[in-house]
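Visitor: Please see the structure below; I have some questions.
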Amino acid sequence: MLIDYKKPIRDFLRKRPQDYEGEPVYFWMDNTIYVKNATKNLIKDLAKIAEIRTIRLEDHSVTLDVRNIQHIFQIDI
Numbered sequence: 116m117l118i119d120y121k122k123p124i125r126d127f128l129r130k131r132p133q134d135y136e137g138e139p140v141y142f143w144m145d146n147t148i149y150v151k152n153a154t155k156n157l158i159k160d161l162a163k164i165a166e167i168r169t170i171r172l173e174d175h176s177v178t179l180d181v182r183n184i185q186h187i188f189q190i191d192i
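Take the working numbering: the last position of the sequence shown gets the number 192, and nothing is skipped along the way.
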């Protein structure tokens with residue numbers, strides 16, 4: 116039986132279509148997700164998901180390491 120590791124992330128994103136554009140892309144080799152025009156709140160919430168290590172933004176030009184994301188947004192995760 117195959118385990119779909121993307122399912123919890125897909126389900127999470129389906130509940131928040133207003134927080135991003137297009138179709139999210141997940142890179143399983145390094146646990147990176149790309150979400151176009153993601154809101155700040157969505158980025159914060161994605162950073163809390165254990166299966167996501169980095170988040171790529173805006174045409175892959177910016178990559179956020181979720182271990183350090185609280186410093187970027189000055190938040191408590």
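Every residue gets a Cβ at the ideal spot worked out from N, C-alpha and C, and that includes glycine.
Comparing C-alpha positions only, which one of Asp145, Ala153 and Arg168 sits nearest to Arg131?
Guide: Comparing Cα positions, the closest option is Ala153.
Visitor: Could you tell me how far apart the beta carbons of Arg171 and Val181 are, in whole angstroms, since I believe they sit closer than 8 angstroms?
Guide: Not quite, the Cβ-Cβ distance comes to about 12 angstroms (not below 8 angstroms), so this is no contact.
Visitor: Once the 5 residues before and after Pro123 are set aside, which same chain residues still bring their CB inside 8 angstroms of it?
Guide: Excluding positions up to five away in sequence, the list reads Ile164 and Glu166.
Visitor: Select from Lys155, Ala162 and Leu179 the residue whose C-alpha is nearest the C-alpha of Tyr135.
Guide: Of the candidates Lys155, Ala162 and Leu179, the one whose C-alpha sits nearest the C-alpha of Tyr135 is Lys155.
Visitor: For Pro123, report the span of its alpha helix (DSSP H) as first-last.
Guide: Lys122 to Arg129 is the span of the alpha helix (DSSP H), which, as asked, contains Pro123.
Visitor: How many angstroms separate the CA atom of Leu128 from the CA atom of Lys151?
Guide: If you take the alpha carbons of Leu128 and Lys151, they lie about 12 angstroms apart.
Visitor: According to DSSP, Tyr135 sits in a beta bridge with which residue or residues?
Guide: For Tyr135, which the question treats as bridged, DSSP gives no partner whatsoever.
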